[in-house]
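Numbering (the numbering used here), first residue to last: 854 to 1010.
Even glycine gets a Cβ: it sits at the ideal position worked out from N, Cα and C.
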């Protein structure tokens, strides 16, 4: 029996007697391989990714949406970058946090801190204003936000 290859016009010959046996063997191999249980490696998280961010009660954190949790984790990473003086990296991290959850007031607070470090007080003022909006329900954080606002005003003079 002769078949034509559609791409190159080559003639390929398959002996009729062996063709059914070949199909049978391939079918058995595919069937056996399809029954093999595939085992994947367990997924592990980095320690900072698995932990609850600083200042957030664990019970509150667990009730948040996955996006809000991810945003807070990114905010915590941004805070740590700020502690190490890496304001550019912190800004990139905090921008991601804000993109995930625009109501995350902590991101705005730390974004304001990053812009203070960079010396851009106009940007710092804007992010401080947003932090005031989103953190107004927390007296502890509002005290920090207002202290930050005073510091920005002193630096602006």
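Between the C-alpha atoms of residue 931 and residue 963, what's the straight-line distance to the nearest angstrom?
For the purposes of this step, residue 931 is identified with residue 78 of the chain shown, where counting begins at 1. For the purposes of this step, residue 963 is identified with residue 110 of the chain shown, where counting begins at 1. Cα-Cα distance, rounded: 8 Å.
The segment 916 to 925 contacting the segment 946 to 956, beta-carbon criterion three pairs below 8 Å
yes
Taking a contact to mean a Cβ-Cβ separation below 9 Å, would you say residue 984 touches residue 958 in this structure?
Against the chain shown, residue 984 aligns to sequence position 131. Against the chain shown, residue 958 aligns to sequence position 105. It is a contact, given that the beta carbons lie within the stated cut-off.
Please state the DSSP three-state secondary structure of residue 958.
In the chain shown, counting from the first residue as 1, residue 958 sits at position 105. It is helical.
Taking residue 947 as part of the alpha helix (DSSP H), name the residues at either end of that continuous run.
On the chain shown, residue 947 is found 94 positions in, with the first residue counted as 1. Element bounds for residue 947: 940 to 953.
Could you check whether residue 961 and residue 988 sit closer than 9 Å to each other, using their CB atoms as the reference points?
The count along the chain shown starts at 1 and reaches residue 988 at position 135. The count along the chain shown starts at 1 and reaches residue 961 at position 108. Taking 9 Å as the Cβ cut-off, residue 988 and residue 961 qualify as a contacting pair.
Could you check whether residue 1008 and residue 974 sit closer than 9 Å to each other, using their CB atoms as the reference points?
Position 121 of the chain shown, counted from the first residue, corresponds to residue 974. Position 155 of the chain shown, counted from the first residue, corresponds to residue 1008. Their beta carbons are under 9 Å apart, which means residue 974 touches residue 1008 by this criterion.
From this set, 990, 941 and 919, which residue's C-alpha is nearest residue 954's C-alpha?
Here residue 954 refers to the residue found at position 101 when the chain shown is read from its first residue. Among 990, 941 and 919, the Cα nearest to that of residue 954 belongs to 919.
Would a C-beta distance cut-off of 9 Å place residue 968 and residue 986 closer than the cut-off?
As a working mapping, residue 968 is identified with position 115 in the chain shown. As a working mapping, residue 986 is identified with position 133 in the chain shown. No, the pair does not count as a contact, with Cβ atoms beyond the cut-off.
Look at the Cβ atom of residue 991, then the Cβ atom of residue 977, and state whether they are nearer than 9 Å.
As a position in the chain shown, residue 991 is number 138, starting the count at 1. As a position in the chain shown, residue 977 is number 124, starting the count at 1. Not a contact, by the Cβ cut-off of 9 Å.
Measuring alpha carbon to alpha carbon, tell me which of 942, 914, 1006 and 913 ends up nearest residue 1018.
The first residue shown for the chain is 854 and the last is 1010, placing residue 1018 beyond what the model contains.
To the nearest angstrom, how far is the alpha carbon of residue 938 from that of residue 970?
Against the chain shown, residue 938 aligns to sequence position 85. Against the chain shown, residue 970 aligns to sequence position 117. Whole-angstrom Cα-Cα distance: 8 Å.
Judging by CA-CA distance, which residue of 911, 916 and 998 is the nearest neighbour of residue 980?
Counting from one through the chain shown, the residue named residue 980 turns up at place 127. Residue 980 has its Cα closest to that of 998, out of 911, 916 and 998.
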